[in-house]
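Heads up: the structure comes next, in structure tokens.
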Amino acid sequence: MENPFIFGRAVAGKHFVDREEELRELTASLISGQHIVLFSPRKMGKTSLIKRVFEDLEDVDALCIYIDLWQITSTHALAKEIVNSVVNKTYTSAEKLGRELKDLFRSLRPRVYLEMDGQIGVEFGRERVEEALRDALDLPERVAKNKGTRLIIALDEFQEITHLNGLPLEKIFRSTLQHHENVSYIFAGSERSLIDMIFEERERPFYRFAKQMELRPISGSVLERFIMDKFALSGKKIDRDAAAWIAEFSRGVPYYVQHICHEVWYMTGEVADIGLVEQCLNDRILPVLSSGFQTIWNRIRSQGQRRLLIGVANEDHPKIYSQGFIGRYELKSPAHVEKAVKSLNRAGLMDGNEIEDIFFAEWVRANFSF
Ligand SMILES: Nc1ncnc2c1ncn2[C@@H]1O[C@H](COP(=O)(O)OP(=O)(O)O)[C@@H](O)[C@H]1O
Ligand SMILES: [Mg+2]
51 MENPFIFGRA
61 VAGKHFVDRE
71 EELRELTASL
81 ISGQHIVLFS
91 PRKMGKTSLI
101 KRVFEDLEDV
111 DALCIYIDLW
121 QITSTHALAK
131 EIVNSVVNKT
141 YTSAEKLGRE
151 LKDLFRSLRP
161 RVYLEMDGQI
171 GVEFGRERVE
181 EALRDALDLP
191 ERVAKNKGTR
201 LIIALDEFQE
211 ITHLNGLPLE
221 KIFRSTLQHH
231 ENVSYIFAGS
241 ERSLIDMIFE
251 ERERPFYRFA
261 KQMELRPISG
271 SVLERFIMDK
281 FALSGKKIDR
291 DAAAWIAEFS
301 RGVPYYVQHI
311 CHEVWYMTGE
321 VADIGLVEQC
331 LNDRILPVLS
341 SGFQTIWNRI
351 RSQGQRRLLI
361 GVANEDHPKI
371 YSQGFIGRYE
381 LKSPAHVEKA
391 VKSLNRAGLM
401 DGNEIEDIFF
411 AEWVRANFSF
């Protein structure tokens, strides 16, 4: 039997759970031409939700294109990625595309060729990169109009645009996209400060350009059901207590649920219980992550930040600014705590007053006594 739990890549289809409301809202908005900003911290399920939305819309209501900005490190690469993914989604023959090239681009004169795997490849020079990008950004609208269909384009990890060419690039994006009538955009992002800066600051080009949507943790009871059903369908069993423990420990973040369950399922003979779950965590999951966590820990230069992490890892819902907490972990003063929290948030190690990665929290708890 195949392991029914998947982590490390976005899921859809039978692996996807919950998010019915978000799915309804997203599909309805996109079909009507409303652009969406989809925000959540990493691992909450944005990319999976996009994949799931595409399953519903693909071919019936629209042609769907996914672009991950995280993999793109230059403006030229961005233009090329947009052109290539749009072309491969909408053209089946390189000849036909070749004939229509002139009408599709204003200034760009790309070269079209056939790749070994049958994909259409499109190449163009690196000079005049800004004009190339404008042309690339306009391509989906032109194709959509030509074909009489709607295009939906997901730009995942959109905050990365700020690391490319920042504001000038945003301006080009915005000024091009605002004329599009047949293309709907999903801008997904996982860094709140950057996403807020792009879409919420009055003087930025994308100010209020798209409807905001935030993905929240999945409810514990839904996850508990999901875990038990997957075990049952694959011929194994898990105690209700153990399933509830995993859902709670995961704080409703689907990535952790899938990761833990993947390991637990593998180790389960007939019935998994809480003991087995804890054993998987300590013997299988944390050891693999440990060397990465050590590197992270070594990079934290301030003992105050380390002590704060230890305190947060060791207590349930700690009041980190209270006299008691500050005293127990030798944090000096509320102002010192505040400064440490800020640094750790900036480093991505904390999200608000919590440790961002539950496995890291567990590792800290297991390794440092106080
Ligand atoms: N709706 C869902 N149902 C089941 N598992 C999910 C769901 N959303 C996310 N996951 C799990 O979480 C992992 C991370 O999801 P992903 O979509 O990559 O999150 P994000 O894009 O927000 O970082 C996936 O690999 C999958 O294991
Ligand atoms: Mg993602």
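Counting from 51, one number per residue, gives the positions in the sequence shown under this note's numbering.
Where a beta carbon is used, it is the ideal one built from N, C-alpha and C, also for glycine.
Fill in: Option nearest Leu244 by Cα separation, candidates Val162, Val87 and Phe66
Working through the sequence shown from its first residue, we reach residue 244 at position 194. Measuring from the Cα of Leu244, the nearest candidate turns out to be Val87.
Practice prompt. Mind the definition here: the segment 76 to 83 touches the segment 103 to 118 only if three or more C-beta pairs lie below 8 Å; say whether that holds.
Written response: yes
Fill in: Simplified DSSP assignment, three categories, for Met263
Residue numbering aside, residue 263 sits at position 213 when the sequence shown is read from its first letter. Met263 falls in the strand class under three-state DSSP.
Worksheet item: What span of residues does the alpha helix (DSSP H) with Phe276 cover, start to end?
Response: Here residue 276 is taken as the residue at index 226 of the sequence shown, counted from 1. Its alpha helix (DSSP H) spans residues Gly270 to Leu283.
Discussion item. Across the segment 177 to 184 and the segment 126 to 133, are there enough close Cβ pairs to call them in contact, namely three or more that are closer than 8 Å?
Written reply: yes
Item to complete: Would you check if the segment 267 to 279 and the segment 232 to 241 touch, i.e. whether three or more CB-CB distances between them fall below 8 Å?
Response: no
Discussion item. Output needed for Phe409: all residues of its chain with C-beta closer than 6 Å, excluding positions within five of it in sequence on either side, in chain order.
Written reply: Position 359 of the sequence shown, counted from the first residue, corresponds to residue 409. Leu339.
Worksheet item: Exposed or buried, what is Arg192 when buried is set at 16 or more other beta-carbons lying within 10 Å of its beta-carbon?
Response: In the sequence shown, counting from the first residue as 1, residue 192 sits at position 142. It counts as buried.
Practice prompt. Using three-state DSSP, classify Val414 as helix, strand or coil.
Written response: As a working note, residue 414 is residue 364 in the sequence shown. Three-state DSSP puts Val414 in a helix.
Worksheet item: According to DSSP, which residues form a beta bridge with Ile49?
Response: The question about residue 49 has no answer, for the chain in this structure spans 51 to 420.
Discussion item. Tell me the DSSP secondary structure of Leu381 in three-state form.
Written reply: By one-based count along the sequence shown, residue 381 stands at place 331. Three-state DSSP puts Leu381 in coil, outside helix and strand.
Worksheet item: Would the beta-carbon of Phe281 fall within 8 Å of that of Val67?
Response: Walking along the sequence shown from the start, residue 281 turns up at place 231. Walking along the sequence shown from the start, residue 67 turns up at place 17. Their beta carbons are not under 8 Å apart, which means Phe281 does not touch Val67 by this criterion.
Worksheet item: So is the beta-carbon of Asp206 under 7 Å away from any non-hydrogen atom of ligand 2?
Response: Position 156 of the sequence shown, counting from 1, holds the residue named residue 206. Answer for Asp206: yes, Cβ within range of ligand 2.
Practice prompt. Run the proximity test for Lys96: is its beta-carbon closer than 7 Å to any non-hydrogen atom belonging to ligand 2?
Written response: Locating residue 96 in the sequence shown gives position 46, counting from the first residue. True, at least one ligand heavy atom lies under 7 Å from that Cβ.
Fill in: Rounded straight-line distance, which links the Cα of Ala390 to that of Leu358
Residue 358 sits at position 308 when you count from the first residue of the sequence shown. Residue 390 sits at position 340 when you count from the first residue of the sequence shown. Roughly 7 Å separates the two Cα atoms.
Item to complete: Could you tell me whether the Cβ atoms of Leu205 and Ile117 are closer together than 8 Å?
Response: For the purposes of this step, residue 205 is taken as the residue at position 155 of the sequence shown. For the purposes of this step, residue 117 is taken as the residue at position 67 of the sequence shown. Yes, these two residues count as a Cβ contact at 8 Å.
Fill in: Cβ contact check for the segment 328 to 339 and the segment 381 to 399: 3 or more pairs under 8 Å
no
Worksheet item: Whole beta strand (DSSP E) runs in the segment 175 to 222 with 3 or more residues, listed along the chain?
Response: 200 to 206
Worksheet item: Using the rule of at least 16 other Cβ atoms within 10 Å of the residue's Cβ for burial, across every protein chain shown, is Gln308 buried or exposed?
Response: Here residue 308 refers to the residue found at position 258 of the sequence shown. Buried, since its Cβ has 16 or more Cβ neighbours within 10 Å.
Item to complete: Would you mind stating whether Ile211 and Ser234 have Cβ atoms separated by less than 8 Å?
Response: Position 161 of the sequence shown, counted from the first residue, corresponds to residue 211. Position 184 of the sequence shown, counted from the first residue, corresponds to residue 234. No.
Practice prompt. Check whether the Cβ atoms of His85 and Ala260 sit closer than 8 Å, and answer yes or no.
Written response: Translated into the one-based positions of the sequence shown, residue 85 becomes position 35. Translated into the one-based positions of the sequence shown, residue 260 becomes position 210. Yes, the Cβ-Cβ distance between His85 and Ala260 is below 8 Å.
Worksheet entry | Beta-bridge partners of Gln238, as assigned by DSSP | Counting from 1 along the sequence shown, the entry for residue 238 is found at position 188. The amino acid at residue 238 is misidentified as Gln; the sequence shows Ala. Paired residues: Leu88.
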